[in-house]
Amino acid sequence: ADLEAQFAELDGYSAEARAGELLLGVDIPIEQHYGPMSEVAPGYKLRVLLTQVLFADPDILLLDEPT
Numbered sequence: 156a157d158l159e160a161q162f163a164e165l166d167g168y169s170a171e172a173r174a175g176e177l178l179l180g181v182d183i184p185i186e187q188h189y190g191p192m193s194e195v196a197p198g199y200k201l202r203v204l205l206t207q208v209l210f211a212d213p214d215i216l217l218l219d220e221p222t
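Everything in the sequence shown is counted per the numbering used here, starting at 156 for the first residue and increasing by one.
Structure, rendered in structure tokens:
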């Protein structure tokens, strides 16, 4: 029961929908939402990693331009 309470507190029931919204927000095609990372097009991998960070809902996010 404790695990279920933690899951609900972290909003785990809406996690899949939220992840989908974030992926669409960085223009990842819906066809690639459920595949393995190894099948994600190289140009989209960085976007997927950024989405992972955004999913964690950080208080602060520092980004730097790639060089």
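All C-beta atoms in this analysis are idealised placements derived from N, C-alpha and C, irrespective of residue type, glycine included.
Query	Result
Could you tell me the distance, in whole angstroms, from the CA atom of Y199 to the CA atom of A160?	35 Å
Taking DSSP as the reference, what is the three-state secondary structure of A160?	helix
Within the continuous alpha helix (DSSP H) that includes V208, where are the two ends?	197-210
I need the straight-line Cα distance from R173 to L204, nearest angstrom please.	15 Å
Nearest chain C C-beta to E159 closer than 8 Å, yes or no?	Of the protein chains in this structure there is only one, and it is not chain C.
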